[in-house]
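Reviewing the structure listed below.
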Amino acid sequence: MGKTKLPIDNSIRTLRAQHGEMTQQALADAIGVTRQTVIAIEARKYSPSLEVAFRIARVFDESLEAVFLYTG
Amino acid sequence: MNAGFEEKSAWVQFGALVLVLGSYFLAATKMYSAGGNDIRAYVPVFSISVVLLVVTLIAGNIVAVATSKGDQSDERDRMIAWRSEYLSSWVLGVGIIGAICAMVFGINNVLVAHGLLASLLLSTLLCMGLRILFYRRGV
Numbered sequence: 073m074g075k076t077k078l079p080i081d082n083s084i085r086t087l088r089a090q091h092g093e094m095t096q097q098a099l100a101d102a103i104g105v106t107r108q109t110v111i112a113i114e115a116r117k118y119s120p121s122l123e124v125a126f127r128i129a130r131v132f133d134e135s136l137e138a139v140f141l142y143t144g
Numbered sequence: 046m047n048a049g050f051e052e053k054s055a056w057v058q059f060g061a062l063v064l065v066l067g068s069y070f071l072a073a074t075k076m077y078s079a080g081g082n083d084i085r086a087y088v089p090v091f092s093i094s095v096v097l098l099v100v101t102l103i104a105g106n107i108v109a110v111a112t113s114k115g116d117q118s119d120e121r122d123r124m125i126a127w128r129s130e131y132l133s134s135w136v137l138g139v140g141i142i143g144a145i146c147a148m149v150f151g152i153n154n155v156l157v158a159h160g161l162l163a164s165l166l167l168s169t170l171l172c173m174g175l176r177i178l179f180y181r182r183g184v
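Here the protein sequences line up with chains A and B, keeping their order. Numbered per our numbering, the first sequence spans residues 73 to 144. Numbered per our numbering, the second sequence spans residues 46 to 184.
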């Protein structure tokens, strides 16, 4: 089954690695979503709400632009 | 399968509906072909099907919960549910309008009732199918 690539790219996988190999479950718990949603965001199969995007940026202590990039 | 509770539940509902109500429609078709024009004759078979459907859904959802590590639904689950319901609700609407037209033209009430039931089944199957598709391909 083909994958949908949404136009918002992200560097979450890299940032997780830079933060002590943070697991997807740990990130999911920190931002209040399921692990499946973190997987979908990383794979560009789901664009998070602005609120969740800000929560992700806050977890990594980065700006929104450092985490998400609009490629459309 | 890397799926959360909501996706597993959609699979359970899809499978249970196909299996149980699909079997009911096969039985109802045979009854109608054999001259079953009284709607009351279908009630026992339909009642058994509903009980089987409920039991299957409960058992399937217990398995889905047990294998989902206590997942709570989140914004992605809500968006997928809303979008799939929005895209599938027209099927039920068509069925209702069709049933009204059938009643106006005096079509047998066995056919009207089963047409309505079929539209409800197809609408729900489309909804669950879209949920699974959105979970697998993205939304």
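By construction, the Cβ of each residue, glycine as well, lies at the ideal position given by its N, Cα and C atoms.
Check                                                                                                                                                                             : Outcome
Can you tell me which of the three DSSP states Leu141/A falls into?                                                                                                               : strand
Using a Cβ cut-off of 8 angstroms (strictly closer), state whether Val124/A contacts chain B.                                                                                     : yes
Please decide whether Tyr118/A counts as near chain B, where near means a Cβ-Cβ distance under 8 angstroms.                                                                       : yes
What does Ser121/A touch in chain B if you count any residue whose Cβ is under 8 angstroms from its own?                                                                          : Glu120
Put Asn82/A into one of helix, strand or coil per three-state DSSP.                                                                                                               : strand
Along chain A, in chain order, which residues have C-beta atoms closer than 7 angstroms to that of Asn106/B?                                                                      : Those within 7 angstroms of Asn106/B in chain A number zero; the least Cβ separation is about 17 angstroms.
In this structure, how does DSSP classify Tyr118/A when only helix, strand and coil are distinguished?                                                                            : coil
Determine the DSSP secondary structure at Phe132/A, reduced to helix, strand or coil.                                                                                             : coil
Check whether the Cβ atoms of Ala102/A and Val131/A lie closer than 8 angstroms to each other.                                                                                    : yes
Going by DSSP, what residue range makes up the alpha helix (DSSP H) through Leu62/B?                                                                                              : First-last for Leu62/B: undefined, no H or E at that position.
Below 8 angstroms between beta carbons: does that hold for Ser92/B and Val136/B?                                                                                                  : no
Around the Cβ of Ser78/B, are there at least 16 other Cβ atoms within 10 angstroms (buried) or fewer (exposed)?                                                                   : exposed
For the alpha helix (DSSP H) containing Asn212/B, name the first residue and the last one.                                                                                        : Beyond the ends of chain B as shown, which are 46 and 184, falls residue 212/B; an answer cannot be given.
Hey, out of Asp83/B, Gly80/B, Leu97/B, whose CA is closest to Tyr69/B's CA?                                                                                                       : Leu97/B
Which chain A residues sit within Cβ distance under 9 angstroms of Ala48/B?                                                                                                       : Gln108
With a threshold of 8 angstroms between beta carbons, is Val57/B in contact with chain A?                                                                                         : no
Measuring CB atoms only, is the region 121-137 of chain B touching the region 166-175 of chain B, in the sense that at least three cross pairs come out at less than 8 angstroms? : yes
Going along chain B in order, which residues have a C-beta closer than 8 angstroms to the C-beta of Leu145/A?                                                                     : What the structure shows of chain A is the stretch from 73 to 144, and residue 145/A is not part of that stretch, so it cannot be assessed.
If you compare alpha carbons, which of Ile125/B, Ile177/B, Leu64/B is closest to Thr101/B?                                                                                        : Leu64/B
Please list the terminal residues of the continuous alpha helix (DSSP H) segment that includes Ile125/B.                                                                          : 120-149
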